[in-house]
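Below is one structure, written out as C-alpha coordinates; the observations come after it.
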Amino acid sequence: MAPLPSATVAQLQRYTACDISDALLKLKVLGAGFIADLKPYSLPSGDEAASVAVAPVSTVLFAAKVDTPSEPEPNVPRNAHWADVTEPGTFVVMKQPPGQTNAICGGIMALRMKLRQVKGIVVAGRVRDLPELRSTNIPIWAHGTSTVGSGGGSVPWALQVPIEINGTIVNPGDVAFHDPTNGVVVIPQDKVDQVLELLPRLTAADERVKQDVLKGMSVHEAFKLHRGV
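Following my numbering, the numbering of the sequence shown begins with 2 at its first residue and continues without gaps.
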(Lines of atoms letter the chains of each structure in order from A and count residues from 1; the text may use other names and numbers.)
(Lines give C-alpha, C1' and ligand atoms only; values in the text may rest on other atoms or scores of the structure.)
Protein backbone atom coordinates (compact mmCIF):
# COMPACT_ATOMS: atom_id res chain seq x y z
CA MET A 1 0.00 0.00 0.00
CA ALA A 2 1.41 3.38 -1.00
CA PRO A 3 2.49 5.64 1.87
CA LEU A 4 0.83 8.99 2.38
CA PRO A 5 2.64 12.06 1.03
CA SER A 6 4.83 13.51 3.78
CA ALA A 7 3.24 16.93 3.27
CA THR A 8 -0.21 15.48 3.94
CA VAL A 9 1.00 13.77 7.12
CA ALA A 10 2.69 16.97 8.33
CA GLN A 11 -0.44 19.04 7.73
CA LEU A 12 -2.71 16.59 9.55
CA GLN A 13 -0.34 16.29 12.51
CA ARG A 14 -1.02 19.91 13.41
CA TYR A 15 -4.50 18.97 14.58
CA THR A 16 -6.29 16.78 17.11
CA ALA A 17 -8.67 13.88 16.60
CA CYS A 18 -11.48 16.20 17.73
CA ASP A 19 -10.56 18.69 15.00
CA ILE A 20 -10.62 15.89 12.43
CA SER A 21 -14.06 14.71 13.55
CA ASP A 22 -15.38 18.28 13.41
CA ALA A 23 -14.34 18.45 9.77
CA LEU A 24 -15.80 15.02 8.98
CA LEU A 25 -19.06 16.00 10.66
CA LYS A 26 -19.25 19.01 8.36
CA LEU A 27 -18.69 16.64 5.44
CA LYS A 28 -21.51 14.37 6.71
CA VAL A 29 -19.28 11.32 7.16
CA LEU A 30 -21.04 8.63 9.20
CA GLY A 31 -19.93 8.71 12.81
CA ALA A 32 -17.57 11.59 11.97
CA GLY A 33 -14.91 8.91 11.46
CA PHE A 34 -14.58 8.13 15.18
CA ILE A 35 -14.01 4.52 16.28
CA ALA A 36 -15.94 4.48 19.52
CA ASP A 37 -15.45 2.68 22.85
CA LEU A 38 -11.76 1.89 22.38
CA LYS A 39 -9.33 1.75 25.29
CA PRO A 40 -5.55 2.15 24.93
CA TYR A 41 -3.56 -0.96 25.82
CA SER A 42 -0.26 0.31 24.44
CA LEU A 43 0.88 3.86 23.79
CA PRO A 44 4.28 5.10 22.64
CA SER A 45 6.64 6.30 25.35
CA GLY A 46 9.62 8.63 25.36
CA ASP A 47 9.86 11.26 22.66
CA GLU A 48 6.93 9.70 20.77
CA ALA A 49 4.52 9.76 23.72
CA ALA A 50 2.59 12.82 22.58
CA SER A 51 2.99 12.31 18.84
CA VAL A 52 0.10 12.00 16.42
CA ALA A 53 0.32 8.98 14.10
CA VAL A 54 -1.12 9.25 10.59
CA ALA A 55 -1.08 6.26 8.24
CA PRO A 56 -3.11 4.40 5.61
CA VAL A 57 -5.52 1.77 6.93
CA SER A 58 -5.26 -1.96 6.32
CA THR A 59 -8.00 -4.26 7.58
CA VAL A 60 -8.44 -7.76 8.98
CA LEU A 61 -11.93 -9.22 9.36
CA PHE A 62 -12.50 -12.19 11.68
CA ALA A 63 -15.43 -14.59 11.60
CA ALA A 64 -16.92 -16.89 14.19
CA LYS A 65 -15.79 -20.51 13.84
CA VAL A 66 -19.34 -21.77 14.05
CA ASP A 67 -20.95 -19.22 11.73
CA THR A 68 -18.74 -18.22 8.82
CA PRO A 69 -20.25 -15.43 6.69
CA SER A 70 -21.46 -15.76 3.12
CA GLU A 71 -19.61 -12.56 2.25
CA PRO A 72 -17.05 -11.22 1.80
CA GLU A 73 -15.19 -14.05 0.16
CA PRO A 74 -12.40 -15.45 2.37
CA ASN A 75 -8.98 -14.39 1.11
CA VAL A 76 -6.47 -15.08 3.90
CA PRO A 77 -3.64 -17.13 2.35
CA ARG A 78 -3.81 -20.74 3.51
CA ASN A 79 -0.04 -21.09 3.67
CA ALA A 80 0.56 -17.98 5.79
CA HIS A 81 -0.54 -16.47 9.08
CA TRP A 82 -2.47 -13.24 8.64
CA ALA A 83 0.08 -11.36 10.79
CA ASP A 84 2.85 -12.43 8.39
CA VAL A 85 1.18 -10.61 5.48
CA THR A 86 0.41 -7.38 7.34
CA GLU A 87 0.84 -4.33 5.12
CA PRO A 88 3.95 -2.40 6.24
CA GLY A 89 3.46 1.26 7.12
CA THR A 90 -0.26 0.90 7.82
CA PHE A 91 -2.53 1.28 10.80
CA VAL A 92 -4.12 -2.16 11.11
CA VAL A 93 -7.85 -2.14 11.93
CA MET A 94 -9.28 -5.50 12.98
CA LYS A 95 -12.87 -6.55 13.64
CA GLN A 96 -14.12 -9.49 15.72
CA PRO A 97 -17.66 -10.91 15.69
CA PRO A 98 -19.74 -9.27 18.42
CA GLY A 99 -20.30 -11.02 21.73
CA GLN A 100 -17.15 -13.14 21.70
CA THR A 101 -15.00 -13.41 24.81
CA ASN A 102 -11.75 -14.61 23.22
CA ALA A 103 -9.04 -12.28 21.93
CA ILE A 104 -8.10 -11.89 18.26
CA CYS A 105 -4.78 -10.13 18.82
CA GLY A 106 -2.14 -11.21 21.32
CA GLY A 107 1.48 -10.56 22.06
CA ILE A 108 2.96 -12.71 19.29
CA MET A 109 0.76 -11.11 16.61
CA ALA A 110 1.50 -7.61 17.89
CA LEU A 111 5.24 -8.29 17.93
CA ARG A 112 5.09 -9.65 14.39
CA MET A 113 3.14 -6.64 13.19
CA LYS A 114 5.66 -4.36 14.89
CA LEU A 115 8.45 -6.10 12.93
CA ARG A 116 6.33 -5.61 9.81
CA GLN A 117 6.57 -1.87 10.59
CA VAL A 118 2.91 -1.17 11.24
CA LYS A 119 2.15 2.25 12.72
CA GLY A 120 -0.59 1.10 15.08
CA ILE A 121 -3.34 -1.44 15.75
CA VAL A 122 -7.06 -1.00 16.41
CA VAL A 123 -9.01 -4.05 17.53
CA ALA A 124 -12.79 -3.84 17.43
CA GLY A 125 -12.80 -6.77 19.81
CA ARG A 126 -10.46 -8.18 22.45
CA VAL A 127 -6.71 -8.39 22.97
CA ARG A 128 -4.47 -10.30 25.40
CA ASP A 129 -0.83 -10.48 26.62
CA LEU A 130 -0.79 -6.87 27.77
CA PRO A 131 2.91 -6.68 28.76
CA GLU A 132 3.91 -7.80 25.27
CA LEU A 133 1.49 -5.35 23.67
CA ARG A 134 3.05 -2.51 25.67
CA SER A 135 6.55 -3.67 24.73
CA THR A 136 5.85 -2.87 21.07
CA ASN A 137 5.79 0.87 21.86
CA ILE A 138 3.19 1.41 19.15
CA PRO A 139 -0.44 2.51 19.63
CA ILE A 140 -2.73 -0.45 20.31
CA TRP A 141 -6.40 0.18 21.11
CA ALA A 142 -9.17 -2.35 21.67
CA HIS A 143 -12.65 -2.78 23.08
CA GLY A 144 -11.53 -5.14 25.83
CA THR A 145 -9.26 -7.95 26.98
CA SER A 146 -9.29 -11.72 27.35
CA THR A 147 -7.06 -14.55 28.47
CA VAL A 148 -8.27 -16.76 25.61
CA GLY A 149 -6.56 -16.87 22.21
CA SER A 150 -8.32 -16.46 18.88
CA GLY A 151 -8.65 -20.23 18.53
CA GLY A 152 -11.28 -20.03 21.25
CA GLY A 153 -13.87 -18.85 18.78
CA SER A 154 -12.55 -16.76 15.88
CA VAL A 155 -10.93 -17.38 12.52
CA PRO A 156 -9.23 -14.78 10.30
CA TRP A 157 -11.55 -14.46 7.34
CA ALA A 158 -10.63 -11.64 4.97
CA LEU A 159 -7.89 -9.07 4.48
CA GLN A 160 -8.26 -5.60 2.95
CA VAL A 161 -12.06 -5.53 2.96
CA PRO A 162 -14.42 -2.79 4.18
CA ILE A 163 -15.51 -3.17 7.80
CA GLU A 164 -18.11 -1.37 9.89
CA ILE A 165 -17.50 -0.50 13.53
CA ASN A 166 -20.38 1.07 15.47
CA GLY A 167 -21.61 2.89 12.38
CA THR A 168 -18.19 4.03 11.17
CA ILE A 169 -17.17 2.54 7.84
CA VAL A 170 -13.47 1.72 7.50
CA ASN A 171 -12.01 0.94 4.10
CA PRO A 172 -8.50 -0.17 3.20
CA GLY A 173 -6.59 2.89 2.07
CA ASP A 174 -8.51 5.28 4.32
CA VAL A 175 -6.37 7.39 6.63
CA ALA A 176 -6.10 6.54 10.32
CA PHE A 177 -5.45 9.51 12.60
CA HIS A 178 -4.23 8.44 16.03
CA ASP A 179 -4.24 11.06 18.76
CA PRO A 180 -2.93 9.49 22.00
CA THR A 181 -5.08 11.86 24.08
CA ASN A 182 -8.39 11.70 22.21
CA GLY A 183 -8.48 8.42 20.28
CA VAL A 184 -8.62 7.18 16.70
CA VAL A 185 -10.44 8.74 13.76
CA VAL A 186 -10.58 7.35 10.23
CA ILE A 187 -10.67 9.78 7.32
CA PRO A 188 -12.18 8.36 4.11
CA GLN A 189 -9.49 8.50 1.47
CA ASP A 190 -11.66 10.59 -0.85
CA LYS A 191 -12.23 13.20 1.90
CA VAL A 192 -8.63 13.95 2.87
CA ASP A 193 -8.27 17.04 0.67
CA GLN A 194 -11.62 18.43 1.84
CA VAL A 195 -10.66 17.82 5.48
CA LEU A 196 -7.37 19.67 4.99
CA GLU A 197 -9.23 22.56 3.36
CA LEU A 198 -11.74 22.81 6.22
CA LEU A 199 -9.43 22.40 9.20
CA PRO A 200 -7.75 25.84 9.29
CA ARG A 201 -11.08 27.63 9.13
CA LEU A 202 -12.78 25.43 11.72
CA THR A 203 -9.94 25.56 14.24
CA ALA A 204 -9.52 29.32 13.83
CA ALA A 205 -13.24 29.80 14.51
CA ASP A 206 -13.00 27.63 17.62
CA GLU A 207 -10.04 29.64 18.88
CA ARG A 208 -12.04 32.86 18.51
CA VAL A 209 -14.96 31.24 20.35
CA LYS A 210 -12.67 30.27 23.24
CA GLN A 211 -11.20 33.73 23.50
CA ASP A 212 -14.60 35.39 23.62
CA VAL A 213 -15.96 32.89 26.15
CA LEU A 214 -12.94 33.61 28.36
CA LYS A 215 -13.84 37.30 28.15
CA GLY A 216 -17.35 36.57 29.41
CA MET A 217 -19.38 36.08 26.24
CA SER A 218 -22.00 33.32 26.29
CA VAL A 219 -21.35 30.17 24.30
CA HIS A 220 -24.55 30.85 22.36
CA GLU A 221 -23.36 34.29 21.27
CA ALA A 222 -19.82 33.14 20.55
CA PHE A 223 -21.04 30.25 18.40
CA LYS A 224 -23.41 32.57 16.55
CA LEU A 225 -20.63 35.09 15.94
CA HIS A 226 -17.85 32.74 14.89
CA ARG A 227 -19.47 29.47 13.85
CA GLY A 228 -22.62 30.89 12.33
CA VAL A 229 -24.86 28.65 14.48
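For every residue, glycine included, the Cβ atom is placed at its ideal position computed from N, Cα and C.
Whose C-alpha, out of 191, 69, 184, 139, is nearest the C-alpha of residue 30? Along the sequence shown, one-based indexing puts residue 30 at 29. Comparing Cα positions, the closest option is 191.
On a Cα-Cα basis, can you pick out the residue from 94, 107, 99, 149 that is closest to residue 122? Within the sequence shown, the letter at position 121 stands for residue 122. The residue with the shortest Cα to Cα distance from residue 122 is 94.
Endpoints, beta strand (DSSP E) assigned at residue 188: For the purposes of this step, residue 188 is taken as the residue at position 187 of the sequence shown. Residue 188 -> beta strand (DSSP E) spans 184-188.
Count the other C-beta atoms from every protein chain shown that fall within 10 angstroms of the C-beta of residue 129, then say buried if there are 16 or more, exposed otherwise. In the sequence shown, counting from the first residue as 1, residue 129 sits at position 128. Residue 129 should be labelled buried.
Count the other CB atoms within 10 Å of the CB of residue 182; is the residue buried (16 or more) or exposed (fewer)? In the sequence shown, the residue the question calls residue 182 occupies position 181. Exposed, by the Cβ-count rule.
Quick one: grab the DSSP three-state call for residue 108. Sequence index remark: in the sequence shown, residue 108 carries index 107 (1-based). Helix.
Grouping DSSP H, G and I as helix and E and B as strand, with all else coil, what is residue 51? Counted from its first residue, the sequence shown places residue 51 at position 50. Coil at residue 51, not helix or strand.
Can you tell me where the beta strand (DSSP E) holding residue 159 begins and where it ends? In the sequence shown, residue 159 corresponds to position 158, counting from 1. 155-160 is the extent of the beta strand (DSSP E) around residue 159.
Straight-line CA distance for residue 75 to residue 87? If you number the sequence shown from 1, residue 75 lands on position 74. If you number the sequence shown from 1, residue 87 lands on position 86. One C-alpha to the other measures close to 16 angstroms.
Buried or exposed for residue 80, please, with buried defined as at least 16 other CB atoms from any protein chain shown within 10 angstroms of its CB. Start at 1 with the first residue of the sequence shown, and residue 80 comes out as number 79. So residue 80 counts as exposed.
So, helix, strand or coil for residue 62, using DSSP? If you number the sequence shown from 1, residue 62 lands on position 61. Here residue 62 sits in strand by DSSP.
Measure the C-alpha to C-alpha separation of residue 169 and residue 17 and round it to an integer number of angstroms. For the purposes of this step, residue 169 is taken as the residue at position 168 of the sequence shown. For the purposes of this step, residue 17 is taken as the residue at position 16 of the sequence shown. When rounded, the distance between both Cα atoms is 18 angstroms.
Helix, strand or coil at residue 36 according to DSSP, with G and I counted as helix: The residue you call residue 36 lines up with position 35 of the sequence shown. In the structure shown, residue 36 sits in coil (DSSP, three-state: anything other than H, G, I, E or B).
Closest by C-alpha distance to residue 96, when choosing among 214, 90, 82, 161: The residue given as residue 96 occupies position 95 in the sequence shown. When each option's Cα is compared against that of residue 96, the closest is 161.
Between the alpha carbons of residue 64 and residue 109, how many angstroms are there, rounded? Locating residue 64 in the sequence shown gives position 63, where the first residue counts as 1. Locating residue 109 in the sequence shown gives position 108, where the first residue counts as 1. Approximately 20 angstroms, taken between the alpha carbons.
State whether the segment 126-145 contacts the segment 202-213, with contact taken as three or more CB pairs (one from each stretch) at a distance under 8 angstroms. no
Could you spell out the range, first to last residue, of the beta strand (DSSP E) harbouring residue 166? The residue given as residue 166 occupies position 165 in the sequence shown. Residues 164-166.
Can you have a look at residue 167 and say buried or exposed, based on whether 16 or more other CB atoms are within 10 angstroms of its CB? Numbered from 1 along the sequence shown, position 166 holds the residue referred to as residue 167. By the neighbour-count rule (16 or more Cβ atoms within 10 Å), residue 167 is not buried but exposed.
Beta carbon of residue 240, beta carbon of residue 61: below 8 angstroms? Residue 240 cannot be examined here, being either before or after the span of the chain that is shown, 2 to 230.
One or two residues paired with residue 231 in a DSSP bridge: The shown model of the chain, from 2 to 230, leaves out residue 231, and the question about it has no answer.
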